[in-house]
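J.: Protein chains in written order, with the numbering used here: chain G, 127 to 484; chain S, 6 to 455.
Even for Gly, the Cβ is constructed at its ideal location relative to N, Cα and C.
Source: prediction; values computed, not measured.
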Amino acid sequence: MSFSRRVFLGVAGLGLVACGDDSVATVDELAVLKDLADIVARPSYATLKTASDAFKSAVEALVASASEATLTAAQAAWKETQRTWNQTRSFAFGPAKDIEGNIRWKLGCDVDSVEETITAGPPFEPSSLGTSRKGLPALEYLLFDPEGGNAAIVEKLVGDADRLSFVGALAADLATQIDALVTAWDAHAGELATAGEGSEVFKSPKDAMDAVYNQMLYVADLAIAQIKDPLLGSKGTGGLSPALEEARLSDNTLSDTFAQLASVTSVFEGSYGDGSGLGLTALLRDRSPDLDDQLRSALAAAKESLEAIPPPLRTALAGDLGVLNTTLERLRDVKKLLTADIATALGVTISFSDMDGD
Amino acid sequence: MATDLASSVRRWVGRASEPVDASSLVFFRVAFGLLLFAATVRFAAHGWIREHYLEPRYFFPFWGLDFAKPLPGPWMYVVFAVMGASALGVAFGAAYRASALTLGLSFTYVHAIDKTYYLNHYYLVSVLAVLCVLLPLHRAGSVDAWRRGAPFATAELPAWVLWLLRFQIGIVYFFGGVAKLGVDWLVHAQPLTIWLSRNRDVFLIGPLLGYKTTAYAMSWAGLLFDLSTPFLLSWRRTRIPAYGAVLLFHLVTARLFQLGMFPYFMSAFALIFLPPAFFHRFFSRWLPSNAGLTQAALRVPRWLLPWALFQLLFPLRALLYPGSALWTEEGYRFSWNVMLSEKNGYIEVTARDRSTGESFDVAPLDYLTLQQARQMSAQPDMIQQFAHIVRDDFAARGRDVGVFVQADVSLNGRPSAPLVDPTVDLAAERDTLLPKQWLRPLPRQLRPRF
Chain G
127 MSFSRRVFLG VAGLGLVACG DDSVATVDEL AVLKDLADIV ARPSYATLKT ASDAFKSAVE
187 ALVASASEAT LTAAQAAWKE TQRTWNQTRS FAFGPAKDIE GNIRWKLGCD VDSVEETITA
247 GPPFEPSSLG TSRKGLPALE YLLFDPEGGN AAIVEKLVGD ADRLSFVGAL AADLATQIDA
307 LVTAWDAHAG ELATAGEGSE VFKSPKDAMD AVYNQMLYVA DLAIAQIKDP LLGSKGTGGL
367 SPALEEARLS DNTLSDTFAQ LASVTSVFEG SYGDGSGLGL TALLRDRSPD LDDQLRSALA
427 AAKESLEAIP PPLRTALAGD LGVLNTTLER LRDVKKLLTA DIATALGVTI SFSDMDGD
Chain S
6 MATDLASSVR RWVGRASEPV DASSLVFFRV AFGLLLFAAT VRFAAHGWIR EHYLEPRYFF
66 PFWGLDFAKP LPGPWMYVVF AVMGASALGV AFGAAYRASA LTLGLSFTYV HAIDKTYYLN
126 HYYLVSVLAV LCVLLPLHRA GSVDAWRRGA PFATAELPAW VLWLLRFQIG IVYFFGGVAK
186 LGVDWLVHAQ PLTIWLSRNR DVFLIGPLLG YKTTAYAMSW AGLLFDLSTP FLLSWRRTRI
246 PAYGAVLLFH LVTARLFQLG MFPYFMSAFA LIFLPPAFFH RFFSRWLPSN AGLTQAALRV
306 PRWLLPWALF QLLFPLRALL YPGSALWTEE GYRFSWNVML SEKNGYIEVT ARDRSTGESF
366 DVAPLDYLTL QQARQMSAQP DMIQQFAHIV RDDFAARGRD VGVFVQADVS LNGRPSAPLV
426 DPTVDLAAER DTLLPKQWLR PLPRQLRPRF
């Protein structure tokens with residue numbers, strides 16, 4: 127048989143194979159990315175904007191007339207903004223990287239710097255302030271006091287017009303920043319949905335999926351840290367460390383953890399609110415239904431454990447630590463599956479580097 | 006029989022000492038230097054100097070090379086500038102020996118600092134840079150030859166120089182093939198099944214890449230390609246189609262995988278197998294009309310045999326260690342194990358105060374960059390080095406701790422399994438080249454999921 131005939135038969139054989147049933151991947155990654163962009167990312171950012179606009183309105187009411195009622199409304203609106211912020215974390219790449227520090231600086235709020243700014247007096251220009259003096263953490267400090275209670279906060283606000291003005295300025299700035307983020311991400315969602323087909327950011331669906339997956343891992347880490355740091359310590363401090371609870375002033379840590387876990391689940395399921403489409407589960411089920419079932423179970427178990435923690439975390443840390451340890455273990459189970467088994471099965475590149483390989 | 010062998014060796018030495026047209030060696034020198042210059046510029050343009058050497062607080066040097074540390078401040082940029090300049094010196098054959106030595110030392114230094122970024126083609130460059138120092142590639146078609154003139158400048162070089170470079174390039178392909186003689190590659194078609202299925206957007210062939218049969222076909226084709234390429238390139242009748250296969254192979258793999266300069270290096274270096282006459286038309290004007298080589302210059306050097314034996318035996322040292330090198334990574338690097346594993350790990354690190362019993366949960370990202378943490382999580386020697394980093398950090402804060410690691414690793418689509426014994430204090434384990442007793446074997450019953 128001639129060489130060319132052999133080549134033809136070989137290629138034809140492969141073509142026949144393509145009609146066969148030994149496929150390991152039938153779900154289109156781009157289809158998943160489109161649904162994640164349109165059904166999860168855009169709506170979750172839109173919800174964030176709605177929440178921050180409502181928060182701004184609530185703070186305007188507080189500034190107009192500081193009272194227990196207006197403070198409580200502002201606190202509830204802050205919590206909703208914080209929750210929806212955490213829900214968007216799985217899409218905190220692209221334009222989010224440039225803006226997120228102005229919304230929630232990862233190291234939190236520098237209380238002394240905030241007080242210094244208030245003491246210096248108006249005009250308050252949040253755009254010129256460092257990230258440790260503004261955003262969600264600074265507003266949490268100004269609106270919540272677990273020891274003194276709402277009465278202490280109202281007293282401070284009523285007695286200090288500059289402080290009230292500063293709260294108003296920060297809330298307005300927060301709404302502006304979130305508005306900018308949502309607008310930028312709306313365009314970026316388009317890049318995700320056209321990865322490898324005209325996107326200027328993602329040269330291939332693989333690149334886009336790697337970005338989504340890595341960010342999802344990061345959010346899983348955030349959720350773990352919410353429980354681990356106050357429970358086991360961090361950065362060389364061992365044992366119970368309640369001071370390391372991230373949202374201890376507002377008692378919002380458990381809610382934040384729920385939202386972060388929900389963010390991971392949304393990407394996995396391809397669903398948000400009433401919307402449902404293709405998520406990572408479609409890709410995973412294609413390759414290994416067993417692994418897909420394992421992750422579903424792990425996510426459900428982690429959520430169940432979180433629900434079993436009597437809120438707030440501040441008091442749970444002073445009580446039975448068994449449920450907290452179980453929650454931490456289950457959150458780590460999710461992370462382990464995502465990092466080792468699922469990343470390998472999907473061939474995702476775990477890192478934020480563009481390093482070569484061989 | 007001994008007499009036959011001795012006479013064969015003498016005949017071989019005789020042929021190796023014969024002069025050959027230096028054109029292909031001029032090409033190799035120019036290509037090597039220019040590609041290294043391009044690679045250096047690319048490395049800097051990606052921001053990797055800062056990312057690899059200035060941002061990290063800790064590093065993972067290779068065994069025995071703990072002294073290789075990044076220079077402070079802007080000096081790493083200076084090192085890369087010197088590297089780039091010396092690469093051009095090699096390309097043009099200007100102050101050649103000094104350029105080759107500088108290139109070899111600077112390149113090897115920067116890549117010895119941290120094994121996080123180990124790549125087989127970086128090792129290849131270091132090896133070729135050493136050869137550049139040892140080989141008289143500047144005696145033809147170079148600035149040095151032009152300046153020094155006859156008898157230094159020559160149009161011919163000893164055949165053994167050409168054969169050695171062909172041998173060195175052939176080694177990469179051959180051992181790349183030997184490494185593929187394994188169950189994962191041939192029986193499970195992994196990791197190609199995983200990797201190909203992520204490239205279904207590739208023009209024309211994309212839809213075929215989601216099939217297991219395609220992965221098998223490409224696994225076996227890759228094996229046959231790697232094992233046969235050095236021989237097919239060496240035989241006159243198959244040389245041209247073999248080089249065509251080389252180009253096609255590197256074109257396809259460059260499109261499918263993020264291999265950086267590797268495809269370009271190998272595509273260019275494989276041209277060394279073409280007959281010198283092919284290159285003569287391009288370099289003839291650079292070459293003098295005289296031969297210029299003395300008998301002494303033609304002689305096969307004594308270091309050639311030890312060098313060749315080392316290149317043949319060193320990649321096989323993984324056989325001295327128990328278990329699968331894909332899993333344990335003992336004897337894995339510097340053995341031309343190219344693109345053999347999809348491996349990810351999840352680790353939990355605990356430091357325990359030996360005096361008080363107090364436990365500390367250690368987050369790798371408190372010490373390492375994301376890329377370092379990722380690579381470390383599935384590589385035992387890096388896990389051990391990290392344990393030592395943590396030990397030393399706690400010691401600096403006045404605590405004597407043991408460090409224990411739980412590492413669950415998934416290899417080539419298998420369910421994850423423990424890589425290290427979590428009861429062993431890795432901080433107390435010495436870092437040696439001996440088999441690591443604290444490694445857990447890859448469970449035999451675990452198969453790739455698909």
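Is E60 (chain S) near the ligand SAH, in the sense that its beta carbon is under 7 Å from a heavy atom of that ligand?
T.: Because no ligand of any kind appears in the structure shown, any question about the ligand SAH cannot be addressed here.
J.: Can you list, in chain order, the residues of the region 115-139 of chain S whose Cβ is nearer than 8 Å to any Cβ on chain G?
T.: Residues Y122, L124, N125 and H126.
J.: Quick one: Cα of Q316 (chain S) to Cα of D482 (chain G), how far?
T.: If I take the Cα positions, the gap works out to 25 Å.
J.: Could you pull the DSSP bridge partners for Y488 (chain S) from this structure?
T.: Nothing can be reported for residue 488 (chain S): it is not among the residues displayed for chain S, which extend from 6 to 455.
J.: Inspect the beta-carbon positions of A466 (chain G) and R413 (chain G) and report whether they are closer than 8 Å.
T.: No.
J.: Taking DSSP as the reference, what is the three-state secondary structure of V406 (chain S)?
T.: Strand.
J.: Applying the criterion that 16 or more other CB atoms from any shown protein chain within 10 Å of the CB defines a buried residue, is R402 (chain S) buried or exposed?
T.: Exposed, by the Cβ-count rule.
J.: Pairs of beta-carbons, one from the region 312-325 of chain G and one from the region 189-207 of chain G, closer than 8 Å: are there three or more?
T.: Output reads no: the region 189-207 of chain G does not touch the region 312-325 of chain G.
J.: Spell out the partners DSSP gives G182 (chain S) in its beta bridges.
T.: In DSSP, G182 (chain S) forms no bridge with anything.
J.: Bridge partners for R152 (chain S) per DSSP, in chain order?
T.: Beta-bridge pairing links R152 (chain S) to no other residue.
J.: Counting only beta-carbon atoms, is A144 (chain G) nearer than 8 Å to chain S?
T.: Note that A144 (chain G) has pLDDT 47, beneath the 50 cutoff, so the model's placement of it is unreliable and no number is given.
J.: In chain order, what residues of the same chain have a beta carbon less than 8 Å from the beta carbon of Q341 (chain G), not counting five sequence neighbours either side?
T.: Closer than 8 Å at the Cβ level, and outside the excluded window around Q341 (chain G), lie R215, S216, F217, A218 and F219.
J.: Less than 8 Å between the CB atoms is what I'm expecting for L197 (chain S) and N204 (chain S), so what's the real figure, rounded?
T.: Wrong, their Cβ atoms sit about 10 Å apart, outside the cutoff.
J.: If Y101 (chain S) and L373 (chain S) are in contact, beta carbons under 8 Å, what's the gap, nearest whole angstrom?
T.: Incorrect: roughly 40 Å between the Cβ atoms, too far for contact.
J.: In chain order, what residues of the same chain have a beta carbon less than 7 Å from the beta carbon of N378 (chain G), not counting five sequence neighbours either side?
T.: Contacts found: K205 and Q208.
J.: If we count the other Cβ atoms within 10 Å of its Cβ and call it buried at 16 or more, is V46 (chain S) buried or exposed?
T.: Result: exposed.
J.: Note down, in chain order, all residues in the region 386-408 of chain G with a beta-carbon under 7 Å from any beta-carbon belonging to chain S.
T.: Per Cβ criterion, the list is empty.
J.: Over what stretch of residues does the beta strand (DSSP E) that includes V460 (chain G) continue unbroken?
T.: No beta strand (DSSP E) holds V460 (chain G); the alpha helix (DSSP H) holding it covers G448 to K462.
J.: Within 8 Å of any Cβ in chain S, is that where the Cβ of K223 (chain G) sits?
T.: Output row for K223 (chain G): interface = no.
J.: Does the region 216-230 of chain S come close enough to the region 175-190 of chain S to have 3 or more Cβ pairs within less than 8 Å?
T.: Yes: the two stretches touch, three or more of their Cβ pairs being nearer than 8 Å.
J.: State the Cα-Cα distance for the pair G448 (chain G) and K175 (chain G), rounded to the nearest angstrom.
T.: Between G448 (chain G) and K175 (chain G), the C-alpha separation is close to 38 Å.
J.: From which residue to which residue does the alpha helix (DSSP H) around P163 (chain S) run?
T.: No alpha helix (DSSP H) contains P163 (chain S), which is instead part of the beta strand (DSSP E) from E161 to P163.
J.: Quick one: what's got a C-beta closer than 8 Å to T219 (chain S)'s C-beta in the same chain, skipping five residues either side?
T.: Correct list, in chain order: L201 and L213.
J.: Please report the straight-line C-alpha distance between I468 (chain G) and A27 (chain S), rounded to a whole angstrom.
T.: Approximately 53 Å between the Cα atoms of the pair.
J.: Show which residues of chain G have a CB atom less than 9 Å away from the CB atom of M344 (chain S).
T.: The contacting residues are G483 and D484.
J.: Just the C-alpha distance for E23 (chain S) and A164 (chain S), rounded to the nearest angstrom, thanks.
T.: If I take the Cα positions, the gap works out to 6 Å.
J.: Cβ closer than 8 Å: which chain S residues qualify as neighbours of I476 (chain G)?
T.: Those within 8 Å of I476 (chain G) in chain S are N349 and R379.
J.: For I277 (chain S) versus F33 (chain S), is the C-beta distance shorter than 8 Å?
T.: Yes, the pair counts as a contact, with Cβ atoms nearer than the cut-off.
J.: By the criterion of Cβ-Cβ separation under 9 Å, what are the contact partners of G365 (chain G) in chain S?
T.: Ordered by position in chain S, the residues that pass the 9 Å Cβ test against G365 (chain G) are E363, S364 and F365.
J.: In this structure, does DSSP put A184 (chain G) in helix, strand or coil?
T.: Three-state result, A184 (chain G): helix.
J.: Report the residues of the region 176-201 of chain S with a CB closer than 9 Å to any CB of chain G, ordered along the chain.
T.: Cβ contacts with chain G: P196, T198, I199, W200 and L201.
J.: For the beta strand (DSSP E) holding S364 (chain S), just list the boundary residues, first then last.
T.: S364 to V367 is the extent of the beta strand (DSSP E) around S364 (chain S).
J.: Which of the three DSSP states is assigned to S253 (chain G) in this structure?
T.: S253 (chain G) falls in the helix class under three-state DSSP.
J.: For the beta strand (DSSP E) containing P24 (chain S), list its first residue and its last residue.
T.: Start and end: P24 to D26.
J.: Does the region 414-428 of chain S come close enough to the region 152-170 of chain S that 3 or more CB-CB pairs lie under 8 Å?
T.: No: the two stretches stay apart, fewer than three of their Cβ pairs being nearer than 8 Å.
J.: Helix, strand or coil for Y216 (chain S), going by three-state DSSP, please let me know.
T.: Residue state, collapsed to three classes: strand.
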